[in-house]
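Protein chains in written order, with the numbering used here: chain A, 21 to 345; chain B, 402 to 611.
Reading through the structure tokens given below for one structure.
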């Protein structure tokens with residue numbers, strides 16, 4: 021039996037996996053690594069960038085607050101005045117637990133994985149609000165390029181710290197680039213603003229020992245796949261059913277793998293049942309096949325929003341492995 | 402190309418800095434205010450169609466809405482004793498328990514461009530708040546409810562049914578958002594549904610004119 025890591029590699033290289041990769045089993049996330057934190061449910065924080073995050077009780081996650089009082093960047097042309105990156109020089113004791121965790125992982129069994137979020141586009145709208153960010157690509161493109169360059173520099177400085185301390189094998193990087201039916205921007209806009217920026221970041225990780233890059237965008241994004249390949253992304257995590265994933269696998273599978281196809285919204289809600297989960301997992305596995313595909317809840321990370329959903333998805337994938345392998 | 406045609410072309414291209422000047426030039430040429438306004442409303446319809454078909458994306462739509470708004474600003478002083486909105490007032494909000502506002506904001510811009518006077522209640526809006534707003538505002542012809550989460554679909558159902566059972570009349574109810582389907586909209590008693598911001602404005606106008 022292949023290890024989780026070997027089975028993952030066989031899957032994405034078009035080899036001979038002996039079962040489906042079961043969601044995030046191939047990664048061991050070093051969550052202890054110092055990074056910007058989210059608030060706890062029912063609380064509010066201001067992070068190192070000055071962005072206020074609020075997690076109201078009963079919600080599934082935290083939201084950046086963008087009223088006049090809280091918005092960090094009200095005028096993109098003044099970004100240098102208002103956007104101040106937090107330091108990435110954490111005291112060594114902040115790294116201790118993360119290093120210990122990384123050292124405890126059998127790298128033949130799993131990848132030592134670091135998690136980076138928010139991504140570049142998310143940072144622009146976290147700082148400015150979505151409408152302002154999207155209009156600024158047209159109204160003040162030079163300032164947007166400058167801001168994105170600044171964010172890239174910060175990301176790379178943080179990447180250096182992660183690499184130096186943890187020597188990760190895999191990067192799981194978040195940046196939502198679309199809604200469930202469309203990308204937020206035209207592919208050409210992505211090409212202008214984000215392709216060169218992400219090339220720098222992802223190349224830096226790969227040049228420094230990271231073997232696998234998994235990019236998260238739980239959305240439509242089929243039109244961006246050629247760019248994802250150009251960026252060196254190995255796995256697009258979060259691919260939703262709206263993308264026609266089986267077609268993407270046929271067209272691009274040898275260059276990039278697809279992880280998702282079980283839309284979280286359809287199975288991860290208070291009234292979920294194991295039968296419903298099993299139905300969606302079966303369809304995903306049968307539609308997408310054994311190679312270049314990892315069945316997974318699209319929302320990302322190795323948990324679900326409601327208790328039991330992630331585990332039930334794992335169990336359903338195990339059953340499909342028995343049936344199809 | 403006539404000045405009104407130029408207004409339309411630049412508005413569809415989202416040229417917010419150019420449209421006000423062109424609107425003024427169209428006025429100076431002697432075009433009637435209502436004709437210029439109608440041309441701009443028609444252009445936003447084209448923008449909505451292009452968005453629905455995937456030809457343009459959110460930034461282009463936002464820029465066109467901004468151009469529309471700047472153009473309308475030029476016309477506003479000339480609409481004395483009248484109102485820009487010809488389709489009535491729309492009460493809009495994201496349903497209780499849901500904080501997503503991007504889709505709602507886009508739809509609000511498109512509705513405003515189509516001729517609604519918008520009352521945006523924001524996010525996390527309870528059924529009681531919707532009803533209070535319907536009572537407080539004049540000429541309410543449409544109530545629009547948005548929701549992005551499957552977990553807040555029950556809140557949408559409750560809001561629609563509470564609004565419908567309130568005894569208040571004179572308006573239609575439209576719903577939308579990622580998990581919402583035409584079947585769900587019909588099942589909860591909404592009068593209309595649209596899958597995206599572009600087609601929502603067309604559907605809304607149809608509903609209130611019916």
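C-beta: ideal position from N, C-alpha, C; glycine also.
Source: prediction; values computed, not measured.
Where the alpha helix (DSSP H) containing residue i begins and where it ends
| i | result |
| --- | --- |
| residue 431 of chain B | Looking at the DSSP string, residue 431 of chain B is not in any alpha helix (DSSP H), and its letter there is neither H nor E. |
| residue 92 of chain A | Segment: none, residue 92 of chain A is in no alpha helix (DSSP H) and carries neither H nor E. |
| residue 193 of chain A | Element bounds for residue 193 of chain A: not the alpha helix (DSSP H) but the beta strand (DSSP E), 190-194. |
| residue 24 of chain A | 24-32 |
| residue 560 of chain B | 554-565 |
| residue 185 of chain A | 161-186 |
| residue 467 of chain B | 459-476 |
| residue 340 of chain A | 329-344 |
| residue 120 of chain A | 112-124 |
| residue 343 of chain B | With chain B running from 402 to 611 in the structure shown, residue 343 of chain B is simply not present. |
| residue 310 of chain A | It is not in any alpha helix (DSSP H) - residue 310 of chain A carries neither H nor E in the DSSP assignment. |
| residue 148 of chain A | 140-148 |
| residue 268 of chain A | 265-272 |
| residue 221 of chain A | 215-227 |
| residue 588 of chain B | 583-588 |
Minimum Cβ-Cβ distance from residue i to chain A less than 8 Å
| i | result |
| --- | --- |
| residue 458 of chain B | yes |
| residue 490 of chain B | no |
| residue 495 of chain B | no |
| residue 506 of chain B | yes |
| residue 503 of chain B | yes |
| residue 438 of chain B | no |
| residue 498 of chain B | yes |
| residue 415 of chain B | yes |
Range of the contiguous beta strand (DSSP E) that encloses residue i
| i | result |
| --- | --- |
| residue 258 of chain A | 255-259 |
| residue 543 of chain B | 541-547 |
| residue 500 of chain B | Where residue 500 of chain B is concerned, there is no enclosing beta strand (DSSP E), given that its DSSP letter is neither H nor E. |
| residue 538 of chain B | Taken as a continuous stretch (DSSP letters only), residue 538 of chain B belongs to no beta strand (DSSP E), as it is neither H nor E. |
| residue 49 of chain A | 47-49 |
| residue 519 of chain B | 518-521 |
| residue 237 of chain A | 232-239 |
C-beta neighbour in chain B for residue i, strict 8 Å
| i | result |
| --- | --- |
| residue 336 of chain A | no |
| residue 371 of chain A | With chain A running from 21 to 345 in the structure shown, residue 371 of chain A is simply not present. |
| residue 49 of chain A | no |
| residue 320 of chain A | no |
| residue 35 of chain A | no |
| residue 289 of chain A | yes |
| residue 285 of chain A | yes |
Beta-bridge pairing of residue i - partner residues as DSSP gives them
| i | result |
| --- | --- |
| residue 317 of chain A | A:282 |
| residue 132 of chain A | A:48 |
| residue 84 of chain A | A:73 |
| residue 495 of chain B | B:547 |
| residue 353 of chain A | The structure shown does not extend to residue 353 of chain A, since chain A spans only 21 to 345, so no value can be given for it. |
| residue 573 of chain B | B:543 |
| residue 203 of chain A | A:198 |
| residue 593 of chain B | B:575 |
| residue 526 of chain B | B:496 |
Residue-chain proximity (residue i, chain C), Cβ-Cβ < 8 Å
| i | result |
| --- | --- |
| residue 207 of chain A | Judged by its chain identifiers, the structure shown contains no chain C, and its protein chains are A and B. |
Review point. Residues in the segment 512-527 of chain B with C-beta within 7 Å of chain A's C-beta atoms, listed in sequence order?
Key: none
Exercise for review: Give the residues from the segment 456-480 of chain B that approach chain A closer than 8 Å (Cβ to any Cβ), ordered along the chain.
Suggested key: 457, 458, 459, 460, 461, 463, 464, 467
Review point. Which residues, in chain order, does the segment 571-586 of chain B contribute to contact with chain A at a C-beta distance below 9 Å?
Key: 579, 580
Review point. How do the segment 555-570 of chain B and the segment 580-593 of chain B stand: do at least 3 beta-carbon pairs fall below 8 Å, yes or no?
Key: yes
Check your understanding: On the three-pair Cβ rule with 8 Å, is the segment 541-550 of chain B touching the segment 487-494 of chain B?
Key -> yes
Check your understanding: Using a beta-carbon distance cut-off of less than 8 Å, what residues from the segment 192-218 of chain A approach chain B?
Key -> 199, 200, 201, 202, 203, 204, 205, 206, 209
Check your understanding: Is it a yes or a no for the segment 442-455 of chain B touching the segment 507-516 of chain B, going by three-plus beta-carbon pairs under 8 Å?
Key -> yes
**Study point:** At least 3 beta-carbon pairs within less than 8 Å: the segment 182-192 of chain A vs the segment 437-449 of chain B
**Key:** no
Practice item. Could you run through the segment 55-86 of chain A and flag, in chain order, every residue whose CB is less than 8 Å away from some CB of chain B? Key: 76, 78, 79, 80, 83
**Study point:** Stretch pair the segment 65-81 of chain A + the segment 300-316 of chain A: three plus CB contacts closer than 8 Å
**Key:** no
Check your understanding: When Cβ atoms are compared, which residues of the segment 593-606 of chain B fall closer than 8 Å to chain A?
Key -> 596, 597
Check your understanding: What residues from the segment 417-434 of chain B come within 7 Å of chain A, judged by C-beta to C-beta, listed N to C?
Key -> none
Review point. Do the segment 233-243 of chain A and the segment 200-207 of chain A make contact, defined as three or more Cβ pairs closer than 8 Å?
Key: yes
Check your understanding: Taking any Cβ of chain B, which residues in the segment 154-166 of chain A have a Cβ under 7 Å from it, in chain order?
Key -> 154, 155, 157, 158
Exercise for review: Check whether the segment 121-138 of chain A touches the segment 147-162 of chain A, taking contact to mean three or more Cβ pairs, one atom from each stretch, closer than 8 Å.
Suggested key: no
Check your understanding: Which residues, taken in chain order from the segment 544-564 of chain B, show a beta carbon closer than 8 Å to some beta carbon of chain A?
Key -> 550, 551, 552
Practice item. Flag this pair as touching only if the segment 208-218 of chain A and the segment 255-272 of chain A have three or more C-beta atom pairs under 8 Å; answer yes or no. Key: no
**Study point:** Three-pair Cβ contact test at 8 Å for the segment 35-51 of chain A versus the segment 331-338 of chain A
**Key:** yes
Check your understanding: Are at least three pairs of beta-carbons, each pair with one atom in the segment 517-524 of chain B and one in the segment 461-477 of chain B, less than 8 Å apart?
Key -> no
Exercise for review: Evaluate the contact criterion for the segment 111-127 of chain A versus the segment 71-89 of chain A: three or more CB pairs, one atom per stretch, below 8 Å.
Suggested key: no
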